[in-house]
Amino acid sequence: MEFSINPEDIQAWDGSVLILGLCEGDLEKQLKEIKAPNWEAIPMALKVRNFNAKAGEITEFNLFDHKLSKLILVGLGKPKELQMEGLRKAAALGARASVGITGKLGIIFPWNLYDHEEAAKVTTEAIRLSLFKDLRFKNEPEQPNKAEKIELIGLPTSIQSALTEIGPICQGVELARELVGAPPNSLTPDELAKTALLIAKDHDLEVKILDRDNCNELGMGAYLAVAQGSDLSPKFIHLIYQSKKPIKHRLAMVGKGLTFDSGGYNLKVGAAQIDLMKFDMGGSAAVLGAARALGEIQPEGIEVHFIIAACENMINGSAVHPGDIVKASNGKTIEINNTDAEGRLTLADALVYAGKIEPQVDAIVDLATLTGACVIALGDEVAGLWSDNEQLAEDLIQSANSSGEGLWRMPLISSYKEGLKSILADIKNTGPRAGGSITAGLFLKEFVRDSIPWAHIDIAGTVWADKDKGINPAGATGYGVRTLVKWACNHK
Ligand code: BES
Ligand code: MG
Ligand code: ZN
9 MEFSINPEDI QAWDGSVLIL GLCEGDLEKQ LKEIKAPNWE AIPMALKVRN
59 FNAKAGEITE FNLFDHKLSK LILVGLGKPK ELQMEGLRKA AALGARASVG
109 ITGKLGIIFP WNLYDHEEAA KVTTEAIRLS LFKDLRFKNE PEQPNKAEKI
159 ELIGLPTSIQ SALTEIGPIC QGVELARELV GAPPNSLTPD ELAKTALLIA
209 KDHDLEVKIL DRDNCNELGM GAYLAVAQGS DLSPKFIHLI YQSKKPIKHR
259 LAMVGKGLTF DSGGYNLKVG AAQIDLMKFD MGGSAAVLGA ARALGEIQPE
309 GIEVHFIIAA CENMINGSAV HPGDIVKASN GKTIEINNTD AEGRLTLADA
359 LVYAGKIEPQ VDAIVDLATL TGACVIALGD EVAGLWSDNE QLAEDLIQSA
409 NSSGEGLWRM PLISSYKEGL KSILADIKNT GPRAGGSITA GLFLKEFVRD
459 SIPWAHIDIA GTVWADKDKG INPAGATGYG VRTLVKWACN HK
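Okay, so the sequence shown: first residue is 9 according to the numbering used here, each after it adds one.
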């Protein structure tokens, strides 16, 4: 898919499908301003159809007397309430309606009501991401029939250069979507490691893959306990992006990498959608997507560590028993009172590892499909953020907001740590049901080196979309990549 800026107006344009964004108000006047030929009948038709250009409204015209074969009108809402989010949604809505028509796709939005550069970026990203379709596992791929050339019409050509980072970001999101969407018999811990090796090779990153023995030597008893019930070997992945210019900031991104979570002996039954637990590596997918994007964008002055303790949570004769006590790599003992709270066990050792990186990193952010409780609290459009550092929390919220990814700060209520007290070990891995996503965060905090600002993002709800929604086609969303990339690039 190729995006470009076309400074001309519609009269000189020769594409086959056009998305036109209108604001509430005088539609006839807005249509006239576009100076399109043969559109005289459209204002009347819009009246008949009761199209008022409210946010989320869409209507289409099939045109036969012009090279343009389809005109898609999308509503942007009241001119005074216009926001980038509305633009993002309208672009996605229009793009979806364009499927089935090949040739050139054009977009005209009332660009002058927005910051040109921002609007061009948001529109491009929304179109590309909403048209993504994963056809890898189909024998007879459906013909996606989507436009290959996309032009933003009526913007100055100087905006073109602002679009250069959109390609790498979208490729990062698409990689994350493919990793999450892949079934667990295809995307194994070993495949995840191979993906990291490939990213390293393509973008000149440093990479280390630790096997079971290496992890054992590092004392990663919590992570290895989760992995011990699977026939597949665990892979601990550490990728490093390093700017060639002097390093001013060192960052670590840690992703939960459970390629399948059966629950272990606390097997997932009843309402828990066990078949969807292939998405339990969504945190690691976001981290690898960000690695790919940053490797291509090459931001200056930063070093970024991407860390994943990948494995499966399965059942066999050597699987963890509920009640087992294990020792993590910081020496803390953990009573595993629930084998289904496995993500925090793998993250515990990954966080300890991130804390030991020399020179020390300035911040650690982990992303994890950690708790069903977070889905209950925030639904599928907003991820939860827990952090003990105000600045880091603020930076992440700001990066998420400007990327269009929902993120909401949640509290780390220290008195809830009471719920994690174990009679025998230093800590238990689960507390009471109430406040389950908070105790999960408090558990993780026990494994973060005190002096390092840390944030935890629970993406259990946002990793997957049940149906097409906004810029996300049904399936894996690739949530987190855009926030992580923006956050990293803001460190200059
Ligand atoms: N991977 C799940 C969390 C999850 C649940 C993600 C639903 C997406 C949708 C995690 O490993 C898990 O099983 N968590 C348990 C924790 C509980 C045992 C304290 C949960 O949330 O039920
Ligand atoms: Mg689990
Ligand atoms: Zn899990």
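Beta carbons are placed, not taken as given, at the ideal position from N, Cα and C, and that holds for glycine. Values in this document were obtained by computation on a predicted structure and should not be read as measured data.
Reference Ala-79, options Ala-53, Lys-88, Lys-62, Arg-96, closest by Cα: A quick correction: the sequence has Leu, not Ala, at residue 79. The option with the nearest alpha carbon to Leu-79 is Ala-53.
Look at the alpha carbon of Ala-134 and the alpha carbon of Ala-484, and state the distance between them as a whole number of angstroms. 15 angstroms
State the CB to CB distance for the pair Glu-201 and Ile-245, rounded to an integer number of angstroms; the pair is presumed to be in contact (CB under 8 angstroms). In the sequence as displayed, the identity of residue 201 is Ala instead of Glu. Confirmed, about 6 angstroms.
Which two residues bound the contiguous beta strand (DSSP E) that contains Lys-335? 333–335
With a threshold of 6 angstroms (Cβ to nearest heavy atom), would Glu-350 be considered close to ligand 2? yes
Would you be able to state if there are at least three C-beta pairs under 8 angstroms between the segment 65–79 and the segment 98–114? yes
Report the partner residues of Glu-159 according to the DSSP bridge assignment. Ser-12, Gly-114
CB contact flag (Gly-29, Ala-98, <7 angstroms): yes
Is Asp-466 near ligand 3, going by C-beta to nearest heavy atom under 6 angstroms? no
Would you say the beta carbon of Asp-357 comes nearer than 6 angstroms to a heavy atom of ligand 2? no
Say the cut is 6 angstroms; is the CB of Asp-374 nearer than that to a heavy atom of ligand 2? no
Just the C-alpha distance for Lys-55 and Asp-34, rounded to the nearest angstrom, thanks. 11 angstroms
Nearer than 6 angstroms: is that true of the beta carbon of Thr-354 relative to any heavy atom of ligand 1? no
Would you call Ala-49 buried or exposed, if buried means 16 or more other Cβ atoms sit within 10 Å of its Cβ? exposed
Give, in chain order, every unbroken run of the beta strand (DSSP E) that is at least 3 residues long and sits entirely within the segment 434–480. 462–466
Rounding to the nearest angstrom, what Cα-Cα distance links Ala-298 and Asn-46 in this structure? 46 angstroms
Looking only at its chain, what residues have a beta carbon closer than 8 angstroms to the beta carbon of Ile-323, apart from the 5 residues adjacent to it on each side? Gly-237, Ser-270, Gly-272, Tyr-273, Leu-275
Report back the beta-carbon spacing between Asp-434 and Lys-340 to the nearest angstrom; my notes put them in contact at under 8 angstroms. 5 angstroms
Pick from Ile-13, Leu-143, Lys-216 that is closest to Ser-166, judged by C-alpha positions: Ile-13
Which whole-angstrom value describes the C-beta separation of Glu-182 and Phe-140, a residue pair presumed to lie in contact below a C-beta threshold of 8 angstroms? 6 angstroms
Taking DSSP as the reference, what is the three-state secondary structure of Phe-69? strand
Cβ-Cβ separation, Leu-84 to Trp-119 (assumed contact under 8 angstroms), whole Å: Incorrect: roughly 12 angstroms between the Cβ atoms, too far for contact.
Please determine, among Arg-441, Gly-412, Lys-500, Ala-463, the residue with the shortest C-alpha to C-alpha distance to Lys-477. Gly-412
Cutoff 7 angstroms; reference Asn-346; Cβ partners in own chain excluding five residues on either side: Asn-274, Pro-330, Asn-437, Thr-438
Beta carbon of Lys-264, beta carbon of Pro-197: below 7 angstroms? no
Would you identify the three-state DSSP class for Leu-296, choosing helix, strand or coil? helix
Hey, out of Met-228, Ile-161, Arg-490, Leu-90, whose CA is closest to Lys-335's CA? Met-228
On the DSSP bridge list, what partners appear for Met-261? Phe-314, Val-373
My output table needs one value for His-329: the three-state DSSP class, helix, strand or coil. coil
Check whether the segment 309–325 touches the segment 357–367, counting contact only when three or more Cβ pairs, one atom from each stretch, lie closer than 8 angstroms. yes
With Trp-495 as the anchor, note down where its alpha helix (DSSP H) starts and where it stops. 489–497
So Glu-182 is in the beta strand (DSSP E); what residue range does that whole segment cover? Per DSSP, Glu-182 belongs to no beta strand (DSSP E); it is in the alpha helix (DSSP H), 174–189.
Proximity to Tyr-249 [Cα-Cα], best of Asp-219, Ala-204, Thr-267, Ala-230: Ala-204
Candidates Arg-417, Ile-161, Arg-441, Gly-180, of which the one nearest Gly-427 by Cα: Arg-441
Assign Asn-222 to buried or exposed, taking buried as 16 or more other Cβ atoms, counted over all protein chains shown, within 10 Å of its Cβ. exposed
Considering only DSSP beta bridges, list what Lys-216 is partnered with. His-246
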